Ligand SMILES: Cc1cc2nc3c(=O)[nH]c(=O)nc-3n(C[C@H](O)[C@H](O)[C@H](O)COP(=O)(O)OP(=O)(O)OC[C@H]3O[C@@H](n4cnc5c(N)ncnc54)[C@H](O)[C@@H]3O)c2cc1C
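Chains as they are written, first to last, in the numbering used here: chain L, 2 to 797; chain C, -2 to 267.
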């Protein structure tokens, strides 16, 4: 047998292409000069009524082909965009129109859509549209939304889109009985996904076949296809959606359809031309989506050991102007907040609030970073209150390895019970303490103090529900050349799916890794799919691909068994050759098996002669048996009962400058458990990227809105993504593998993990360095400087 | 993010460049483009003509003499940074330039462009002012030399006329026995400074130039002021402001820290 590829750090097959600049993104599609380009007029006001739109000057601009405003939209296009996840508790869900109707609710909302010869002309034309507005008072920030002196939507009282409560018992009674109690007021600010490639859509209508081809930089091609067909009044069969290479998504591209994702196909169909929209960076800031913003209030009751007796959490979630993605983010915060712990009683109440700002949809971590922040700040506060080591307080609250499956008694984002499948939190804690040098830290602190330097250590733990349903599918096709073509419907944004999925196919089918080619996100190849989000690709498509490869293998063995006159049980497939175990002379390669699998009337080359009616099959039986299909293929779907729960712990040592309040990272460590590893190198890459993004979220990135709802830092000049010089030089990583019992490979998701505990772990370490409570993230040197001043005033 | 329409010319001589500028009151010089092109793309600037000076002969030299360093209008930040002779004659150039942006931007952006762009958050205008340098300017009626102290008139504004081209910046050599130091604090490596400070110590004379604490590059004479009072003296003449990255109070703190740091360093023999 060849060695298994599962668990080995196979080099990424994608990298040659990407590193040589041969990636092909939406903007690289249809580059010929006949393609038309779109630009969008966006609202300059956060809240206003549209009194009049005058496009008269635009049509005179040379090179302009068409302009659309709301009044030009008809049928389903004139309806609000879909509310994708209509949770029953979302009592006041609102979505925008493809082009604003009567009112705009955030700076950046699309008002008019211009199609021209090129983007330059389209932008010139946008500048000539005259809109008169009647300004309305904007609601900016959670405080203003809660105060509700002003409303975002007239028909949404109190700006409350949804109020939701879950509890596992009588929290008031448990709180009253607890020997110790604490409260915390916490804040997490807004940030956003910043993929290198923004949104992009290209569409081409082919009048000869009445068919629309759409390329979109999306995390769900099947989702885009369904909505384009519905909105344009086309049959699903008339629409193909292809996801080319995608330069990052981080969650924001799972929301769909963006206005442009419908308007580009509409324009292509109306004008009979290929039309392209490529978002620029400013548009990404003001017209896509943000996340993270929450205000939290926590009351906790605990015993002398720090055991959680009652945990009562209220939080207010800023969801921006609209709610196309439902309540996913706050529901995840409210449920995943519990992490690896088991409070006796837990109650959580949240309000999801409207503001006149860019809407909120999931960003890597999707509500978990905020939940982790709430829980881990609470753990640190308990430890401080009791004078105990922070790791001890966590340890007494862990769910123990023998308690799985563990029911938290809550309902998760997928509407199913929040039941953890497996994990070993005490083992993770031991590992992270060793990696970061937890027990040696006091000595290090003293050493640094002697040099006049100030350091702190922090720790944060999380559990992440990954691999949510409903399903993914896969199609594995062995061609007569022996090459294996694999298709799965979810999309790829750089994760290395073509590598890990090929590993799984090579292992299961027995073909050569090099012979496997994986296609994702192309509805022509796999029309049934959900999408890439919630750390689900490896779990969902990985499992489906494994199952589909197994079917192809079974078929190959059956056909080969006949050809070799052996029992299928005696056969093996190694490096693409089926042979009888123990007698290697008796063999047939997979390509020939594929030839035999498809009885032919017409031979087209030497190999196919072997499959004509004169050569294969029993003349007394139908060439294709009753319950068989021609072709060496396997299709299967994977649909799990519920999510699988990955977990991990991060620790960091920071140094804070006593004079300038600059914050430096001295050491960063991660212990990570995503079940069985398919490719440890790729998992570590995901962790590295997540940690870098987490450093950004904790120490640099924020969305600065002024009172009028203008985003003041809508460029990379002022939205501070960390450079390579700001992220840790090295990240010490250790893996734990507690297999998931829920899928055939024992795997759990790994995509989001790296970013979940960042705000919590940095707050913990900075608090430790400074001995000042850290209750709001992100934190800048300027803010830390002011915290010191306030703290010094308060503690004489 | 595409610029509004503009005409583009790339003259081959200084005379042609000057007449192109004179021919259109909406014309603007394009040098390295590292400040201008982003402004065009965001449509914050919309000149009717861009006069690209990158084809002008003889402007890319960095010339070092005993009296100082002459930087031609087409010399890139990277050229000046890498120039060992320039660093020897005036060490502050290299000390400050290593804080200007990132390698890719320094490869295109010109030092003279930075000086005439007159951003108070930029390093080189402060360096020129502290050292008492000057800029040579060509215009329709000939050339003139503008001392740095007269150059800066307001935020992003110099006394250059629209039809003038800066051809050379002159940085005087460091006097024998004099010493310099530079330090800055930025949010990320290579970002514009939250606050920067450059010190020039020559015998008893102590002068410090500040980046990002006022509308124009500001130099404060701290001669005779005790070290522990220098920052207070400087702050009395500076105007740190709030922005989204730092408060005025925090900037004042950085002025305190950096003033002491650069003066101490400039006074220390190495
Ligand atoms: C990401 C980024 C980070 C940066 N960080 C820093 C930093 O930390 N510190 C810093 O100092 N700078 C920084 N810069 C700016 C950089 O230094 C620019 O190169 C410099 O400001 C302008 O030089 P330029 O040659 O690119 O000028 P251009 O962009 O071509 O021109 C700038 C302006 O000066 C005028 N101009 C240019 N040359 C002449 C001339 N010879 N005569 C008359 N007018 C002229 C132009 O008309 C224009 O108005 C940064 C730039 C970027 C993009």
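Where a beta carbon is used, it is the ideal one built from N, C-alpha and C, also for glycine.
As the structure is a computational prediction, the values presented were derived from the model and not from experiment.
Mind checking whether the beta-carbon of residue i lies closer than 7 Å to any heavy atom of ligand 1?
i: residue 120(C); result: yes
i: residue 291(C); result: A query on residue 291(C) cannot be resolved here, the shown segment of chain C reaching from -2 to 267 and no further.
i: residue 74(C); result: yes
i: residue 69(C); result: no
i: residue 189(C); result: yes
i: residue 186(C); result: no
i: residue 114(C); result: yes
i: residue 29(C); result: yes
i: residue 97(C); result: yes
i: residue 35(C); result: yes
i: residue 632(L); result: no
i: residue 211(C); result: no
i: residue 110(C); result: yes
Measuring only between beta-carbons, confirm whether residue i sits less than 8 Å from chain C.
i: residue 2(L); result: Low confidence applies to residue 2(L): its pLDDT is 42, below 50, so where it sits in the model is not reliable, and the reading given next is rough at best. Closer than 8 Å: no.
i: residue 513(L); result: no
i: residue 408(L); result: no
i: residue 705(L); result: yes
i: residue 120(L); result: yes
i: residue 783(L); result: yes
i: residue 786(L); result: yes
i: residue 281(L); result: yes
i: residue 661(L); result: yes
i: residue 34(L); result: no
i: residue 771(L); result: no
i: residue 17(L); result: no
Among the options, which residue has its Cα nearest to the Cα of residue i?
i: residue 293(L); options: 749(L), 185(L), 703(L); result: 703(L)
i: residue 364(L); options: 377(L), 418(L), 290(L); result: 290(L)
i: residue 183(C); options: 247(C), 56(C), 15(C); result: 247(C)
i: residue 247(L); options: 272(L), 662(L), 15(L); result: 15(L)
i: residue 509(L); options: 485(L), 493(L), 621(L), 521(L); result: 485(L)
i: residue 7(L); options: 544(L), 454(L), 205(L), 322(L); result: 544(L)
i: residue 746(L); options: 701(L), 712(L), 676(L); result: 676(L)
i: residue 663(L); options: 157(C), 251(C), 262(C), 197(C); result: 251(C)
i: residue 46(C); options: 70(C), 1(C), 71(C), 259(C); result: 1(C)
i: residue 126(C); options: 222(C), 167(C), 236(C), 54(C); result: 167(C)
i: residue 642(L); options: 83(L), 619(L), 417(L), 650(L); result: 417(L)
i: residue 603(L); options: 595(L), 613(L), 349(L), 263(L); result: 613(L)
i: residue 189(C); options: 197(C), 172(C), 208(C), 83(C); result: 208(C)
i: residue 737(L); options: 789(L), 716(L), 648(L); result: 648(L)
i: residue 280(L); options: 773(L), 779(L), 27(L); result: 27(L)
i: residue 764(L); options: 460(L), 414(L), 516(L), 464(L); result: 460(L)
My guess is that residue i and residue j are in contact by the Cβ rule of under 8 Å, so how many angstroms apart are they, rounded?
i: residue 104(C); j: residue 79(C); result: Contact doesn't hold; Cβ gap of about 11 Å is too wide.
i: residue 176(L); j: residue 311(L); result: 4 Å
i: residue 36(C); j: residue 42(C); result: 4 Å
i: residue 873(L); j: residue 560(L); result: Any answer about residue 873(L) is impossible in this case: the structure gives chain L only from 2 up to 797.
i: residue 96(L); j: residue 81(L); result: 5 Å
Do we get a CB-CB distance below 8 Å when we pair residue i with the residues of chain L?
i: residue 142(C); result: no
i: residue 207(C); result: no
i: residue 41(C); result: no
i: residue 244(C); result: yes
i: residue 92(C); result: no
- Message: Under 8 Å, with one C-beta from each stretch per pair, do the segment 558 to 576 of chain L and the segment 654 to 668 of chain L reach the 3-pair mark?
- Response: No, because fewer than three Cβ pairs between the segment 558 to 576 of chain L and the segment 654 to 668 of chain L fall closer than 8 Å, the two stretches do not touch.
- Is there contact between the segment 725 to 732 of chain L and the segment 511 to 529 of chain L, where contact requires at least three CB pairs shorter than 8 Å? no
- Would you call the segment 488 to 501 of chain L and the segment 682 to 690 of chain L touching, i.e. three or more CB-CB distances under 8 Å? In this structure the segment 488 to 501 of chain L touches the segment 682 to 690 of chain L; the number of beta carbon pairs closer than 8 Å is three or more.
- With contact counted as at least three CB pairs below 8 Å, one residue from each stretch, are the segment 529 to 548 of chain L and the segment 453 to 470 of chain L in contact? yes
- Message: Could you check whether the segment 298 to 313 of chain L touches the segment 337 to 350 of chain L, counting it as contact only if at least three pairs of C-beta atoms, one from each stretch, sit closer than 8 Å?
- Response: yes
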